[in-house]
Amino acid sequence: MDHTAEVREFFKGLLAIRHDRQPFTDSTSFFLSGRLSSVDAVELVVFLEEKYGIDFAEIGFDQSQIDSVQAIGSLLRTVKAVD
Amino acid sequence: MNPESGEHLRRSRQQDAETTLSTHPGVLDAVVVVLEDQGSGDARLVAYAVPDDDYIGRVFATGEAERKRVQTWRKTFDLSQFGRQASLSKPGFNTAGWNSSYTRQPIPAEPMREWVELTVQELRTFHPQEILEVGCGTGLLLLRLARECKRYAGTDFSSAVLKKLRKQMEELGEDWSNVTLLERSAENFEGFAEDSFDTFILNSVAQHFPSLSYLLEVIQGAIRVVKPGGLIFIGDVRSLVLLELYAGSIELYQAPSSMSLGELRERVFHRIRSEEQLVVSPEFFLALRDRFPKVNRVEVHPRLGYFDNEMTRFRYNAILHLDKPQDGNLELPFLDCSEHRLALDSVAALLRSNPDFLAIKNVVNARIENDVEALALLARTEASKTVGELREQLERRLLLGIDPQKICALGQELGYRVDLSWATSRPDGGYDVVFRKIVDSARLVHQAITWPQADLDASQLARYANVPGLAVLREKLVQQLLDYLRQNLSPNKAPTELILLDALPMTPDGQVNIHKLPVPDTPTG
């Protein structure tokens with residue numbers, strides 16, 4: 028599974044726990060729109076740190092960096108030079 | 017197959033499952049129904065249960081789950097310091113991570129400055145000399161109070177936050193030798209001797225605790241280390257009695273005008289169920305007097321401030337005085353504000369007659385009067401009406417309340433010390449107020465007022481708080497209940513689907529209205 032698919036799956040899991048069955052696209056905002064909480068953001072951050080070795084202490088953190096599948100894709104390309 | 021015997025079998029399966037489910041300690045009420053798939057004709061048993069949230073708190077929010085929530089909040093605070101806002105903040109005023117629930121944007125500097133200054137001002141009235149602050153964060157209080165103290169110990173569980181605080185102290189370049197900073201979680205009082213501080217501060221921290229029992233543990237630790245005559249200041253606590261108003265206020269603010277009230281209602285319920293923070297009723301702190309003999313006086317008052325925001329609307333400070341020498345309890349006759357239809361002008365007129373004291377109860381709180389009305393309208397208006405129509409109705413309302421900050425300013429201007437109280441825990445945020453002519457201000461600080469207050473039950477403290485993260489914890493109960501049904505029923509009798517509801521829908525004659533039960537999306541199992 029490529030990183031975009033993995034991130035999509037992760038969001039799917041977070042939404043499922045909250046009984047959120049609304050569809051989403053790669054540009055759907057999750058945190059800035061309030062659809063997911065700051066507690067969910069932490070779960071995602073831990074996932075990104077563990078899975079892709081991102082160190083937010085080093086690169087800085089802003090919720091907009093992880094707000095959508097697209098934003099995370101862009102973050103991963105910048106930080107990890109993935110395709 | 018004989019249809020009667022088929023029907024009988026079905027009823028017996030339903031009843032067995034229902035009886036079994038009802039015996040589970042986490043279930044308050046239950047019903048089991050048979051749903052038939054319209055296409056295939058297959059029947060399946062679906063269970064509906066009303067959960068006991070206290071049980072969920074006791075069973076699922078402890079141990080490992082509690083530790084995980086603490087770690088999650090620690091990480092949230094670490095992350096708040098890795099951003100631009102923290103890097104750009106001026107020494108002494110790092111408010112990174114303080115976001116408005118209304119706008120989801122950082123709270124502007126001026127309301128934050130007021131919030132900090134008023135808290136510091138209130139603490140200064142007690143002349144603290146030896147302070148322990150748990151959750152000192154980026155030092156909003158510490159950097160202002162430490163200079164005036166003999167000793168200031170600040171603890172915080174976030175290493176990133178403490179790193180920023182140390183950096184600010186260096187930048188400010190003063191003598192901070194009386195300050196000790198320790199990285200540790202809130203319940204850790206290791207190394208602090210009994211009766212060694214005169215003031216314990218826990219400001220805007222309790223909401224990040226995983227449970228009420230964790231808060232209780234921290235308060236127990238505080239009671240041990242604070243000396244007789246000292247105080248425990250628990251500031252900026254989110255009020256449980258106002259949680260529904262808060263949820264309604266936020267959702268109404270964010271809703272587009274075209275949204276139906278039915279959807280708005282659902283969003284308000286969802287926000288309450290999904291609340292991630294610990295929200296506590298003032299009654300909890302008042303009940304501590306019965307739990308801990310060392311606590312002999314408790315005050316709870318709404319947060320003050322001219323800025324209208326979620327802190328000044330829905331939060332309060334609780335002050336626990338320990339073994340405080342009493343200067344006689346002040347028992348005053350309270351005028352009922354609603355009965356006498358008092359407005360700010362009429363309160364001013366009463367004060368201008370120069371009484372030594374004036375006590376008024378049931379003051380309508382102008383800060384949240386609109387939110388109270390919005391929620392009442394939401395409850396009684398047809399679901400098909402829109403948010404836009406609700407807003408129009410609200411605009412036509414005549415507001416009668418008095419702003420807590422304005423009533424304080426009025427009293428102070430006329431030479432009175434003004435104290436407010438939320439000890440009655442009214443669900444509309446109404447408050448009581450006492451004006452005392454200032455003759456000896458130091459004496460007034462120590463004089464206890466007998467406030468009107470709600471009936472308390474110190475043996476049932478759990479009822480005075482929510483269970484943070486309840487929505488996710490309820491999922492754990494669903495799994496436990498399905499396992500329980502499988503273990504206690506034969507395979508063909510155990511429902512494979514279970515839905516939790518806040519209440520079972522009822523018919524006017526008191527039967528469960530099965531037509532109003534939600535239908536599960538897809539068959540499973």
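Sequence lines, in order, name chains A and B.
Per my numbering, the first sequence runs over residues 28 to 110.
Per my numbering, the second sequence runs over residues 17 to 541.
All residues carry an ideal CB built from backbone N, CA and C; glycine is no exception.
| Item | Value |
| --- | --- |
| DSSP-derived helix/strand/coil call for L193 of chain B | The sequence given here has Ser at residue 193 of chain B, not Leu. Residue state, collapsed to three classes: coil. |
| Proximity test, Cβ basis, 9 Å: V106 of chain A and chain B | no |
| Same chain, Cβ closer than 6 Å to L430 of chain B, neighbours up to 5 away in sequence not counted | L367 |
| Nearest to L391 of chain B (by Cα), restricted to the options B:S265, B:F350 and B:K492 | B:S265 |
| Neighbour-count burial assignment, G404 of chain B, 16 or more Cβ in a 10 Å radius | exposed |
| Cα-Cα separation between P534 of chain B and A519 of chain B, rounded to whole angstroms | 12 Å |
| Cβ neighbour criterion (16 or more within 10 Å) applied to S174 of chain B | buried |
| Contact set for P539 of chain B: own chain, Cβ-Cβ below 7 Å, skip 5 residues either direction | Residue confidence for P539 of chain B is low, a pLDDT of 49 falling below 50, so the modelled location carries little weight; the figure read from the coordinates is stated next. Closer than 7 Å at the Cβ level, and outside the excluded window around P539 of chain B, lie D53 and R60. |
| R452 of chain B classed as buried or exposed, judged by whether at least 16 other C-beta atoms fall within 10 angstroms | buried |
| In DSSP terms, what R435 of chain B is bridged to | Here residue 435 of chain B turns out to be Asp, not Arg, going by the sequence shown. Paired residue(s): B:V450. |
| Cα-Cα separation between P511 of chain B and K84 of chain B, rounded to whole angstroms | 31 Å |
| Residue interval of the alpha helix (DSSP H) (run including I423 of chain B) | P420 to E429 |
| Neighbouring residues, chain A, relative to E487 of chain B (Cβ below 7 Å) | Sequence check: residue 487 of chain B is Ala here, not Glu. By Cβ distance, chain A contributes R45. |
| Under 8 Å by beta carbon: chain A residues contacting K91 of chain B | V69, V72 and V73 |
| Continuous beta strand (DSSP E) stretch holding F216 of chain B: start and end | F213 to N219 |
| Per DSSP, the bridge partner or partners of R313 of chain B | B:H337 |
| Separation of E291 of chain B from E33 of chain A, as counted between CA atoms | 28 Å |
| L60 of chain B - containing beta strand (DSSP E), residue span | One detail in the question is off: residue 60 of chain B reads as Arg in this sequence, not Leu. That run of the beta strand (DSSP E) goes A59 to P67. |
| Chain A residues whose Cβ lies nearer than 9 Å to that of F98 of chain B | F83, A84, E85, I86, G87, F88 and D89 |
| Local conformation of I250 of chain B per DSSP, three classes | strand |
| V494 of chain B versus V450 of chain B: straight-line alpha-carbon distance, rounded | 49 Å |
| Contact set between the region 150–176 of chain B and chain A, restricted to residues whose Cβ is under 9 Å from the partner | A176 |
| C-beta atoms of L228 of chain B and G79 of chain B nearer than 9 Å | no |
| R90 of chain B, enclosing beta strand (DSSP E) - first and last residue | Taken as a continuous stretch (DSSP letters only), R90 of chain B belongs to no beta strand (DSSP E), being part of the alpha helix (DSSP H) at E80 to S96. |
| At least 3 beta-carbon pairs within less than 8 Å: the region 137–148 of chain B vs the region 465–483 of chain B | no |
| 9 Å Cβ cutoff met for N378 of chain B and D448 of chain B | yes |
| N- and C-terminal bounds of the beta strand (DSSP E) containing Y168 of chain B | R167 to D172 |
| Chain A contact for P536 of chain B (CB, 9 Å cutoff) | no |
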